[in-house]
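Chains as they are written, first to last, in our numbering: chain A, 1 to 249; chain B, 250 to 561. Note that CB positions come from ideal geometry on N, CA and C, so glycine has one too. A quick note: this is a predicted structure, and the numbers were derived from the prediction, not measured. Structure, as structure tokens:
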């Protein structure tokens with residue numbers, strides 16, 4: 001199984017660097033990398049390291065976008081390019097194919113988080129130098145990276161379900177990313193509206209600085225992990241040769 | 250795995266999609282080491298049958314046995330021992346030809362040294378070695394088809410499924426693929442399950458042929474057997490002086506079913522075991538000059554058309 005998974009990673013990597021998803025990943029990643037420079041410059045060095053909200057946004061959005069591009073391209077894209085049925089006719093098991101694609105996408109998506117946060121840390125230190133170099137609070141950084149992993153898995157699992165039904169890779173990518181972005185944007189608008197009231201904003205900031213906030217974030221992560229696990233189990237049941245071929249027959 | 254016995258055995262195999270019976274009560278045995286032609290018009294159920302045999306679809310009724318395994322229950326065993334070029338080549342166009350083969354060689358768990366040796370051997374045999382580093386998407390359809398064939402043969406499977414491997418190829422590319430198949434069957438004794446629309450291809454390559462229509466088996470046998478069973482005996486005569494009155498006299502004979510004249514060539518379709526002698530005498534008596542007389546057989550294409558017409 002491990003050797004077969006490595007084989008799938010090898011193939012997914014080759015397909016990605018030679019295929020059309022590469023351009024999409026480079027363009028989107030490039031835009032977010034510009035954010036990684038712009039955010040710390042705008043906020044100033046010390047503020048960038050002390051405010052977990054923009055850090056979280058940057059660390060979570062990039063993996064989500066990358067996984068939301070790569071997973072649909074790897075499943076709906078294979079079907080669209082007529083390579084899926086040949087892959088299913090090989091001796092690789094359903095699980096190897098599914099997890100090979102999912103783990104590869106989640107791995108490269110998640111790895112983008114420490115990279116982009118590292119770039120932001122360097123930029124923040126260069127643009128607003130201090131006596132000693134500044135870095136993220138280890139607990140906050142660990143939280144963001146765990147959250148990035150959980151969101152990447154969530155995106156991947158949703159991407160699998162959408163890809164099983166979508167006609168094209170592009171349709172699957174749009175549906176996956178819209179399905180995640182819309183609730184996030186609504187939450188963002190809600191938070192902005194809340195912060196327009198100074199009193200409420202002060203209370204929220206106090207709360208975020210307190211121990212209860214950390215517990216709340218931890219609980220949210222556990223909930224997200226449970227949702228990820230449930231979605232993965234469901235994807236595992238649905239990603240079967242018989243279903244995939246019958247759909248295209 | 251049963252070492253002896255047929256490569257494929259179907260027993261009342263049926264698959265429905267909603268109210269459509271894509272494969273309907275197929276009962277066939279394919280011996281090992283032959284090229285088996287599976288013929289039928291578009292939508293006859295050829296591709297669905299291959300999917301059933303590879304364990305990619307579950308039969309609705311009936312059962313199949315491939316190399317001694319039930320493809321639905323033991324699909325992994327079947328797929329480990331078979332190669333396939335399906336309806337589409339399945340080539341990764343963004344990857345080089347060599348990487349396409351490398352991926353599947355890894356998937357078949359071939360050791361690294363054997364992998365590279367086998368890839369070199371197959372690409373060289375197919376005349377593709379010099380261009381192995383090019384992206385397969387830049388290749389012609391014929392080259393991609395040959396690459397797909399190489400991929401199906403990588404792990405030296407005893408059984409290969411080929412779904413219309415020459416469809417859409419130009420004449421030269423199709424000839425090259427057919428030569429590869431003939432060499433393969435002759436050299437290593439691989440069983441080949443070949444679906445095709447091309448009757449000349451089936452006639453040239455296949456030792457056993459099954460014709461299906463709307464998922465049902467219409468006829469099965471060697472090309473000669475099918476011709477004998479279905480084809481009309483004929484007489485082909487080359488020469489000059491085949492006047493209209495002479496043709497009318499031929500048509501009046503009870504043993505002559507049809508007469509056709511094209512460019513100094515006469516084709517007579519005969520009833521039963523009619524003897525050619527009296528017909529040739531009649532032509533000579535009426536002043537025709539005859540260069541050659543040959544007993545002819547219906548082509549597999551004509552047999553196919555006859556079978557389709559009988560069924561409809």
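Worksheet item: Could one say the Cβ of residue 245 of chain A lies closer than 8 Å to chain B's Cβ atoms, at least one of them?
Response: One-based indexing of the first chain puts residue 245 of chain A at position 245. With 8 Å as the cut-off, residue 245 of chain A counts as an interface residue toward chain B.
Fill in: Residues that residue 92 of chain A contacts on chain B, provided the C-beta gap is smaller than 7 Å
Working through the first chain from its first residue, we reach residue 92 of chain A at position 92. Residues of chain B whose Cβ lies closer than 7 Å to the Cβ of residue 92 of chain A are, in chain order, 356.
Practice prompt. Please determine if the stretch 258 to 277 of chain B and the stretch 301 to 311 of chain B are in contact, where contact requires at least 3 C-beta pairs separated by less than 8 Å.
Written response: The stretch 258 to 277 of chain B makes contact with the stretch 301 to 311 of chain B: 3 or more CB pairs, one atom from each, lie closer than 8 Å.
Fill in: Cα-Cα separation, residue 159 of chain A to residue 328 of chain B
Here residue 159 of chain A corresponds to residue number 159 of the first chain, with the count starting at 1. Here residue 328 of chain B corresponds to residue number 79 of the second chain, with the count starting at 1. The alpha-carbon of residue 159 of chain A is positioned some 28 Å away from that of residue 328 of chain B.
Worksheet item: By how many angstroms is the C-alpha of residue 228 of chain A removed from the C-alpha of residue 250 of chain B?
Response: Numbered from its first residue, the second chain carries residue 250 of chain B at position 1. Numbered from its first residue, the first chain carries residue 228 of chain A at position 228. Note that residue 250 of chain B scores 49 on pLDDT, short of 50, meaning its location in the model is unreliable; the coordinates nonetheless yield the value given after this. Rounded to the nearest angstrom, the two C-alpha atoms are 40 Å apart.
Worksheet item: Where does residue 47 of chain A land, buried or exposed, given buried means 16+ other C-beta within 10 angstroms?
Response: Here residue 47 of chain A is taken as the residue at index 47 of the first chain, counted from 1. In the assembly as shown, residue 47 of chain A is an exposed residue. Its beta-carbon has fewer than 16 other beta-carbons within 10 Å.
Worksheet entry | Contacts of residue 523 of chain B in chain A (Cβ-Cβ under 8 Å) | Along the second chain, one-based indexing puts residue 523 of chain B at 274. Using a Cβ-Cβ cut-off of 8 Å, residue 523 of chain B is close to nothing in chain A; its nearest Cβ partner there is about 48 Å away.
Worksheet entry | Span separating the alpha-carbon of residue 243 of chain A from that of residue 306 of chain B | Along the first chain, one-based indexing puts residue 243 of chain A at 243. Along the second chain, one-based indexing puts residue 306 of chain B at 57. In a straight line, the C-alpha of residue 243 of chain A is about 8 Å away from that of residue 306 of chain B.
Worksheet entry | Presumed contact (8 Å Cβ cut-off) between residue 563 of chain B and residue 454 of chain B, rounded CB distance | The question about residue 563 of chain B has no answer, for chain B in this structure spans 250 to 561.
Worksheet item: Going along chain B in order, which residues have a C-beta closer than 7 Å to the C-beta of residue 89 of chain A?
Response: Along the first chain, read from residue 1 onward, the residue named residue 89 of chain A stands at position 89. Those are 303, 305, 328, 333 and 335, listed as they occur along chain B.
Worksheet item: Three-state secondary structure (DSSP) at residue 331 of chain B?
Response: Against the second chain, residue 331 of chain B aligns to sequence position 82. In the three-state reduction of the DSSP assignment, residue 331 of chain B falls in the strand class.
Fill in: chain B within 8 Å of residue 190 of chain A, Cβ atoms only
Translated into the one-based positions of the first chain, residue 190 of chain A becomes position 190. No, because no Cβ of chain B sits closer than 8 Å to the Cβ of residue 190 of chain A.
Practice prompt. Report yes if the CB atom of residue 462 of chain B is closer than 8 Å to the CB atom of residue 470 of chain B, and no otherwise.
Written response: Residue 462 of chain B sits at position 213 when you count from the first residue of the second chain. Residue 470 of chain B sits at position 221 when you count from the first residue of the second chain. Cβ atoms of residue 462 of chain B and residue 470 of chain B: not closer than 8 Å.
Discussion item. Going by DSSP in three states, residue 374 of chain B sits in which element: helix, strand or coil?
Written reply: As a position in the second chain, residue 374 of chain B is number 125, starting the count at 1. In the structure shown, residue 374 of chain B falls within a helical segment according to DSSP collapsed to helix, strand and coil.
Discussion item. Can you list, in chain order, the residues of its chain with a C-beta nearer than 6 Å to that of residue 291 of chain B? Leave out the 5 residues immediately preceding and following it.
Written reply: Here residue 291 of chain B is taken as the residue at index 42 of the second chain, counted from 1. So no residue of the chain qualifies.
Worksheet item: Using a beta-carbon distance cut-off of less than 7 Å, what residues from the stretch 14 to 26 of chain A approach chain D?
Response: Structure shown: chain D not included; protein chains present are A and B.
Discussion item. Considering Cα atoms alone, identify which of A:122, A:163, A:188 and A:143 is closest to residue 41 of chain A.
Written reply: Counting from 1 along the first chain, the entry for residue 41 of chain A is found at position 41. Residue A:122 is the option with its Cα nearest to residue 41 of chain A.
Item to complete: Pick helix, strand or coil for residue 485 of chain B, following the three-state DSSP scheme.
Response: Counting from 1 along the second chain, the entry for residue 485 of chain B is found at position 236. Residue 485 of chain B falls in the strand class under three-state DSSP.
Item to complete: Examine the Cβ distances between the stretch 405 to 416 of chain B and the stretch 368 to 385 of chain B and report whether three or more of them are shorter than 8 Å.
Response: Contact between the stretch 405 to 416 of chain B and the stretch 368 to 385 of chain B is not established, with fewer than three Cβ pairs separated by less than 8 Å.
Practice prompt. For residue 256 of chain B, decide whether its Cβ has a neighbour in chain A, counting only Cβ atoms nearer than 8 Å.
Written response: Residue 256 of chain B sits at position 7 when you count from the first residue of the second chain. With 8 Å as the cut-off, residue 256 of chain B does not count as an interface residue toward chain A.
Practice prompt. Could you confirm whether any beta carbon from chain B is found closer than 8 Å to the beta carbon of residue 3 of chain A?
Written response: As a working mapping, residue 3 of chain A is identified with position 3 in the first chain. Put simply, the CB of residue 3 of chain A is near chain B, with a gap under 8 Å to one of its CB atoms.
Worksheet entry | Neighbouring residues, chain B, relative to residue 11 of chain A (Cβ below 7 Å) | On the first chain, position 11 is the one that residue 11 of chain A refers to. Per Cβ cutoff of 7 Å: 352.
Discussion item. Give me the subset of the stretch 219 to 248 of chain A whose CB atoms are less than 7 Å from a CB atom of chain B, sorted by chain position.
Written reply: Correct list: 241, 242, 245 and 246.
Discussion item. Short of 7 Å Cβ to Cβ, which residues in the stretch 286 to 301 of chain B face chain A?
Written reply: With the criterion set as a beta carbon lying under 7 Å from some beta carbon of chain A, the members of the stretch 286 to 301 of chain B are 297 and 300, in sequence order.
Item to complete: Measure from the C-beta of residue 339 of chain B to each C-beta in chain A and report whether the shortest distance is under 8 Å.
Response: Counting from 1 along the second chain, the entry for residue 339 of chain B is found at position 90. Chain A has a Cβ within less than 8 Å of the Cβ of residue 339 of chain B.
Worksheet entry | Distance CB(residue 332 of chain B)-CB(residue 446 of chain B) smaller than 8 Å | Your numbering for residue 332 of chain B matches position 83 in the second chain. Your numbering for residue 446 of chain B matches position 197 in the second chain. Their beta carbons are not under 8 Å apart, which means residue 332 of chain B does not touch residue 446 of chain B by this criterion.
Item to complete: Report yes if the C-beta distance between residue 283 of chain B and residue 440 of chain B is below 8 Å; otherwise report no.
Response: As a first step, residue 283 of chain B must be located in the second chain, where it is residue number 34. As a first step, residue 440 of chain B must be located in the second chain, where it is residue number 191. Between residue 283 of chain B and residue 440 of chain B, the C-beta gap is smaller than 8 Å, which places the two residues in contact.
Practice prompt. From the DSSP output, read off the bridge partner residues of residue 460 of chain B.
Written response: As a first step, residue 460 of chain B must be located in the second chain, where it is residue number 211. Answer is B:288 and B:468.
Item to complete: Measure from the C-beta of residue 81 of chain A to each C-beta in chain B and report whether the shortest distance is under 8 Å.
Response: Walking along the first chain from the start, residue 81 of chain A turns up at place 81. Residue 81 of chain A counts as touching chain B.
Item to complete: Would you list the residues sitting across from residue 312 of chain B in a DSSP beta bridge?
Response: As a working note, residue 312 of chain B is residue 63 in the second chain. The partner list for residue 312 of chain B (beta bridge, DSSP) reads B:260.
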